[in-house]
Each structure stands twice: as structure tokens, then as C-alpha cells.
Amino acid sequence: MSTPILEISGLNKSFGPVHVLHDVDLAIRPGEVTALVGDNGAGKSTLVKCIAGIHPADSGEIRWAGEPVKMTGPRDAAALGIEVVYQDLALADNLDIVQNMFLGRERGKAWALDEAGMEQAARETLATLSVRTVKSVRTLVSSLSGGQRQTVAIAKSVLWDSKVVLLDEPTAALGVAQTRQVLDLVRRLAEQGLGVVLISHNMADVFEVSDRVATLYLGRLVADLPTRDLTHGQVVELITAGRSGDLGLTRPDTVSI
Amino acid sequence: MTDTSPAGAPATPETPRDSAADRAVADFGIDTTARSTGEALRDYVARVRGGELGSLPALLGLVVLAVVFSLASDSFLTLGNIANLLAQGAGVTIIAMGLVFVLLLGEIDLSAGTASGVTAAVLALHLVSGGNLLGGMGTPVFVVFCVLVVVAVAVAAQLRLWAAAVPPVLALAMMLSGIPPNPWLEMLLAVCVGTAIGLLTGFLVSRIGIPSFVVTLALFLAWQGVILQLIGEGGTLGLRDETLFAVANGNLSVVGSWVLFVVAAGGYAAVVLARHYRRLRAGLVTQPTPLVAAKVGVTLLLGAVATILLTRNRSQSALIEITGVPFVVPIVLVLLVVGTYVLDRTSYGRHIYAVGGNAEAARRAGINVPRIRASVFVISASVAAIGAIVYSSKVGSVDPSAGGGTVLLYAVGAAVIGGTSLFGGKGRISNAVIGGAVLAMVANGLGLLRQPAAVVFVITGLVLLLAASVDALSRRKVSAGR
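Top line first, the protein sequences correspond to chains E and D. Residue 220 in the numbering used here is what sits at position 194 of the first sequence, and the numbering runs on without skipping anything. Residue 747 in the numbering used here is what sits at position 209 of the second sequence, and the numbering runs on without skipping anything.
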């Protein structure tokens, strides 16, 4: 097993009186897909936002390649190489694929953009991800299907030499074929040596692409196990009850809500 | 892999491409952009049917109007009238060009018209009072005006729009120094005052967070009052200055007209062709070469025809000779080129489209959305000041109705008729020019047919309604097609 690129230990986060994350420990390794599962309100999105620097953690440590780092904003996370693909994708419909992929980080001078360079880089990125469904990199995002949009959003996140990509329910709104495309893409990201965190409610997706499953239950990370050691039923029990046989919380009645 | 076809025999009867383009296509493998003219035209038709109309309805409308009016009126297609039409429509068109920036964000600037009136009044007052604005305005008004300009500078600093802080400083310097009248300085003063006004609007919208509709509605009324205060009820300030009068009424010399043609049309052709071949060599997405060539050819032809016609004598009397391209043409062209460049080729323009398309995505991409939002109002008001110079020059005076009444509504109408969306994110500077031409033609043609103002208003309203319906319907089609 490779050394983790991103390590979180003892992370706590509260919003006012609500204690959302309790002492969360999580390690993300390059070349691995970690599925982050949990019921609604378990703290998945909050954990992602803490990693992405949107919410500062109350306590706990985040180490990047072994070095402790302090994240005060999304820019810090982006500078390290952490990219987040949010559920709503954050694409501008009226811009084309190249323009969206480079939005806010355009190449060239502010008064003379390097359109050719951006177009070529966008093509190369899409080509390395083996994306073959998009007709042209100059297609407006408004005319793309849901799966293609997701693809563009993911491609945008790997364009920046990123090391860790967090995907928030990338297949939630997609059909069967499009889900297929996106899952393949997720797998390819890991093959290229990125650490991938996949938030999903869909057990089939989780078992298909993930190497590890990390389960959050009421703000606690109750299990972080290799996918091959788990069954569907166990994961569902971990999500709903926080324990499954010997796995998860030892005594669920000690959980204070 | 297995290349069994005989060497030298291309598999498809396509125009030969150079090897770099071939390689890039092979590398990428997915870029199946139309590369032949037929495909490109079919793509375009598909896009139009899909609801992406752009300026097409306005261009068709322009042709229809030209045909109808030239059949109905003998004097419509005379050289004199066409030159007149250009000058008549220029003021509103220029204001519309500035408004496109605001409309791209899905915002509205209702105050652009009366704000332009204020700049015209300041310009005229400076001229009439011999540079003594303190005397022209009276001490209390002058002090308030200076304070507002200082506030505008502070606002620019707060918004970090440093470039926009310079014009108000210049305006202040000119007002306080009592510099003697000079037409060029006065035009600069008008634009600088426009910038200051835009900064105030932008601050109220982006920092205080009042909807732009309300802010600019309030300012529309307020600036109307300011114009009345500056000029005085029933007053008129004459622009007795050759240069100021020539802006909208003067013409280039015949030689100058041809120089303009060579610079503008030749420059356009050089830029478009150079860019096309550069992209082709790099293997990037391009339009087919015949299509690009046709575009350039048509532009050159139209430019040449217009220049030939406008350099002929169009005077009604034998005593004087009127020749040459009106000055408003190069003014509009320069604004068109600069505006288009800013929107298409700079990161600032890219960010405007992004904020108009999806403000949240722009924010997450690290774009300073409030700053962009404020800046478009600065552009709108500054460009409106240029429009004010043109329309004031056309009538040769500034009265309290300057920039009021229908000016703003026509300007918004021009942008929308040309294909700029009121919902934001979609539009180009050229839309304003085409839409402005449509409105100018309606007003001019109906005037020649001696139609009463009632008919002109109703028809202009209907044209705008038609354009807005096309916009709304095409949007529905686009979203339904997804």
C-alpha cells in the first residue's frame, strides 16, 4: 500500500451547537478510489468542504504528503492540488468546453489570452482521459448531455496537475450509459495516480469503482475498509446503524448525538 | 493501421490539409468539427433551428425594412438620407454598445440615458460658461458635484477598479482648475463624468446589493433632476464650436474615407485571415477556409461599395458639395472593434460572460464577481457619455430633455433587437450596432413617409416586442432541446 498523499486525523467541526464531525481520521492514497458513504446528514459534504478549505476545521490535523498544512481557503487547497467537483458542476452554460476548463485561470496575458494553448491543453487532457463522446472542444456546454457535462467538470479538475480529486455524487442525475462513462473516467483518474474521493449513495457504483469504503455515521468515521472485504449488506448496515457485526462502532449506545 | 490504399490517392475527395492539422486530429480523435463548407453551413442551419439565432432576425429585419421603405419612399435610398440615417442612429447605437456589457450580466442600466444627459449638460455648461463651471453651476451645486466625483474616486478604490479611478480624478482637475474651453477637453470631461456616474451605480449594485433595476430607476429620475438643475428649466445650451458640431455632422475627406476603408476593411481581412491560418496550422478548431474567405470578401465588398457611395456628392443643391464618410462611422467602428476585442480576447471579457452565464461557477473559479458587476456599469455610463457627445452634436445644443424620453429605451431596444439576451450571458457588441440600425431605419423611414409620432412609437414598440419574443422563444427551444 502506498503512502497517503492526504491524511486527516482527529478532525472536528461544529456549526454552532451542532457537532457535525467527530474525530474523523481518513487517509487518501494516490491511485486509489475511496468511496465516502453515509446517510443524509452524516457529514460527507462537510468533510469534503473541510478538505477543500471551504470550512476551516475546529481541531485536528491535515497532512499533505506527510507535512502538516493549514488550509484557510479554497485557494490553499487548490494550490496543493486538491480539486473538488461539486454536484452542481459549476459550469457556465454560455461558454464552450475550453473556456469552462480554464475559467478563472486563463492562460496568456490578461489582455491577450492564449486561446491556442488553452485549446490544445484542453484537448490533451480530454484525450488522456480517453473522452471520445464530445464532438468538439469548442462546443458550448449548454448543448452537452448530463454525462458530458460531468466529464467536462472532471476534466477541468485534472487539468491543474491535481493530486486529489473529490467528486460529490457525480452519477446522481445520470442515465445508465452516462453513469458508465463517468465511472470509467473515475477509474482512469485513479489509474493515472490521482487520489480520488467519491461520494455516492449508489452501492452498485461504490462496489464497482472503489478500492476502499469509508463510512460516516452521525459525524464519525465508523469504518474505513478495503472494498473487497465488504459486502453490500455490511455497507448498508454501517450506513444506517453505524455497525455491522464486528465492524464499525463497538457499542452503538455510547454514541452521543 | 493497414494502409492498403494506393499512395497519393486520398480516400475522401476533401481539400488537402497540412500535416500538422492531420496529426492533431489523429492525436485527439474526437474533434469532428465540420471541416467542409457544406457541413459548416448545415451545422449553422441546425444551430439556428435549435434556437441559437444571434443577429440573424435583426439582419433579416434590416433587409426587409430597407426594401419596404425604398419601395414606399423615393427619398429613402438617396445618398443624403443614408448618410443622415447613420448620424441619426449613432447616438443611441453607442449607448446601446455600452449597455451590452450590463445586459451580458443579466443586469439593466435604466439610468444610462439620463446619465448621458448629465455628461452632455456638463460638457455644454463648460463650453458656455467659458470653462468656469463654478460660475455656471453656482457654488452649492458645484460643491455637491465635486463631492460626488470625489466619492466616485473613493468607490473606485474600494472596488479596486484602479483604471476607473483615473477619469474622475481628471474630471475633478478640470472642474477645479477652470481650464478654458477646448472641444477635446470637454469631450474628455464628459466621458470622465460618465465614468464617475458609473462608479456610483456600480457601487450601489454590487456592494450595497440593491437590484440594478431599482438603483438605475432611482438614478434615472435623479439624473433627470440634475440635468434640469444644470441647464435650467426651458433653457438650452448651444454648442457653438466647430469641432463639437462636426462630430455628428462632419465628414471625412474623400482621401480620408479611402484611408478609413483600407485601414478598417484591410485590417479586418488581415486579422481574420492571419488568425484563420494560424489556427489551421496549429490544428485547432476553425471554420472552413472557403467560408472565412467568403466572409472577408463580402466585408471588403460592402465596405468598398459604401465608401464609393459615400464619397460621391450627396448635396441637394448645386452650390455646395457634401462628400465623404461621416465621422460617426469611424467612431462607431472603433468602439465596435475595441468592445469586441475586450469581450472576446481578454480575461476580463471572458469573466463577464462567465458571471452572466453562471455567477456561482464564476465565484468558485476565483473570479471577483462584485468587481466585474460594478465595472460593467462604469463601462455603460462612460460609453453613454460618448453617445451623448454624438447626439448633442447632431442637434447642436443640449436641452433638459437630453438623454431622457426614449433614448434609453431605444438603446436597450437596439441591443435586444440585435440579439443580446436580457437574461444575461448572451450577446455581442455588434448586436447593438445592428439593432441600432434597425431602430434608426424605422424612425427614419416612417419619418420620410410623413407618419405621425404616434405611428412611429407603436411600430418601434412592436419591433422591440418581436425581438424580445424571438429571444424568449429561442431560449425555450434551447432549454427544451437538452
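All C-beta atoms in this analysis are idealised placements derived from N, C-alpha and C, irrespective of residue type, glycine included. Quick caveat, the model's predicted, so the values are computed rather than measured.
Exposure label - Arg-269/E; buried when at least 16 CB within 10 Å:
Looking at its Cβ environment, which holds 16 or more other Cβ atoms inside 10 Å, Arg-269/E is buried.
Are there 16 or more other CB atoms within 10 angstroms of the CB of Val-50/E, so buried, or fewer, so exposed?
Label assigned to Val-50/E: buried.
Shortest alpha-carbon distance to Ser-1012/D belongs to which of Leu-579/D, Ser-574/D and Ala-584/D?
Ala-584/D
Between Val-191/E and Glu-109/E, which are expected to be in contact by the criterion C-beta below 8 Å, what is the C-beta distance as a whole number of angstroms?
5 Å
Rounding to the nearest angstrom, what Cα-Cα distance links Phe-680/D and Leu-624/D in this structure?
36 Å
Who are the near neighbours of Leu-166/E in its chain, counting only those whose CB is closer than 6 Å to its CB and skipping five residues on each side?
Asp-122
Backbone CA spacing between Ile-568/D and Leu-873/D [nearest angstrom]:
For Ile-568/D, the predicted structure reports a pLDDT of 47, less than 50, and the residue's modelled location is therefore unreliable. A value from the coordinates is still provided. Those two C-alpha atoms are separated by around 38 Å.
Measuring straight from C-alpha to C-alpha, what distance separates Ser-918/D and Leu-209/E?
Going from the Cα of Ser-918/D to the Cα of Leu-209/E covers about 47 Å.
Are the beta-carbon atoms of Val-928/D and Ala-786/D separated by less than 7 Å?
yes
Check whether the region 686-695 of chain D touches the region 725-744 of chain D, counting contact only when three or more Cβ pairs, one atom from each stretch, lie closer than 8 Å.
With a cut-off of 8 Å on Cβ pairs, the region 686-695 of chain D is in contact with the region 725-744 of chain D, counting three or more such pairs.
Chain D contacts from the region 102-128 of chain E (Cβ-Cβ distance under 7 Å)
Ala-116, Leu-117, Ala-118, Asp-119, Asn-120, Leu-121 and Gln-125
What number of angstroms, rounded off, separates the C-alpha of Met-539/D from the C-alpha of Phe-233/E?
Because Met-539/D sits at a pLDDT of 38, beneath the cut-off of 50, its placement in the model cannot be relied upon, and the point is left open.
Candidates Gly-676/D, Ala-807/D and Thr-824/D, of which the one nearest Leu-840/D by Cα:
If we check each option's Cα against that of Leu-840/D, Ala-807/D comes out closest.
Going by the CB atoms, is the gap between Ala-53/E and Arg-902/D shorter than 7 Å?
Contact annotation: Arg-902/D and Ala-53/E have beta-carbon atoms that are not nearer than 7 Å.
Uninterrupted alpha helix (DSSP H) stretches inside the region 888-951 of chain D (no shorter than 4 residues)
Entirely contained in the region 888-951 of chain D, the alpha helix (DSSP H) runs reaching 4 residues are, in chain order, 897-902 and 907-933.
Looking only at C-alpha atoms, which of Ser-795/D, Asn-896/D and Leu-672/D sits nearest to Ile-717/D?
Leu-672/D
Could you round the C-beta distance between Pro-864/D and Asn-789/D to whole angstroms and report it? I think they count as a contact, below 8 Å.
5 Å
Please name the residue in Phe-41/E, Val-46/E, Pro-56/E and Ser-35/E whose C-alpha comes closest to that of Val-95/E.
Ser-35/E
Taking buried to mean at least 16 other C-beta atoms within 10 Å of its own C-beta, is Lys-70/E buried or exposed?
buried
As assigned by DSSP and simplified to three states, the class of Arg-1013/D
In the structure shown, Arg-1013/D sits in a helix (DSSP, three-state: H, G or I).
Proximity to Gly-965/D [Cα-Cα], best of Leu-987/D, Ser-613/D, Leu-643/D and Gly-862/D:
The shortest C-alpha separation from Gly-965/D is found at Leu-643/D.
Report, in whole angstroms, the separation of the C-beta atoms of Ala-940/D and Ser-930/D, which I expect to be a contact under 8 Å.
6 Å
What residues from the region 878-911 of chain D come within 8 Å of chain E, judged by C-beta to C-beta, listed N to C?
Residues of the region 878-911 of chain D with a C-beta atom less than 8 Å from some C-beta of chain E are Arg-883, Thr-884, Ser-885, Tyr-886, Arg-888, His-889, Tyr-891, Ala-892, Gly-894, Gly-895, Asn-896, Glu-898, Ala-899, Ala-900, Arg-902, Ala-903, Gly-904 and Ile-905, listed in chain order.
Helix, strand or coil at Thr-570/D according to DSSP, with G and I counted as helix
The predicted position of Thr-570/D is uncertain, since its pLDDT is 48 and thus under 50; a value taken from the coordinates is nonetheless stated next. Note: Thr-570/D maps to coil in three-state DSSP.
With contact counted as at least three CB pairs below 8 Å, one residue from each stretch, are the region 959-978 of chain D and the region 993-1009 of chain D in contact?
Contact between the region 959-978 of chain D and the region 993-1009 of chain D is present, because at least three Cβ pairs lie under 8 Å.
Boundaries (first-last residue) of the beta strand (DSSP E) holding Arg-89/E
Start and end: 85-90.
Rounded to whole angstroms, what is the Cα-Cα separation between Phe-607/D and Gly-676/D?
49 Å
Residue interval of the alpha helix (DSSP H) (run including Val-50/E)
No alpha helix (DSSP H) contains Val-50/E, which is instead part of the beta strand (DSSP E) from 44-54.
So which of Ala-662/D, Arg-813/D, Ile-910/D and Gly-636/D has the shortest CA-CA distance to Gly-650/D?
Looking at the sequence provided, one finds Ala at residue 650/D rather than Gly. Ranking the options by Cα distance to Ala-650/D, first place goes to Gly-636/D.
Let me see if you follow: with CB-CB separation under 7 Å, is Trp-137/E close to chain D or not?
Judged by the 7 Å Cβ criterion, Trp-137/E is in contact with chain D.
Cα separation between Ser-169/E and Leu-782/D?
Straight across, the Cα-Cα distance linking Ser-169/E with Leu-782/D is about 49 Å.
From Ala-562/D to Gly-201/E, what distance separates their C-alpha atoms?
With a pLDDT of 38 at Ala-562/D, under the threshold of 50, the predicted position of this residue should be treated as unreliable, and no value is reported.
By the 10 Å Cβ neighbour count, where 16 or more other Cβ atoms means buried, how is Glu-145/E classified, buried or exposed?
buried
Using only the alpha-carbon positions, how far apart do Leu-37/E and Leu-591/D sit?
53 Å
Kindly list, in the order they appear in chain E, the residues whose Cβ is closer than 9 Å to that of Ala-820/D.
Residues of chain E with a Cβ closer than 9 Å to the Cβ of Ala-820/D are, in chain order, Ala-142, Glu-145 and Gln-146.
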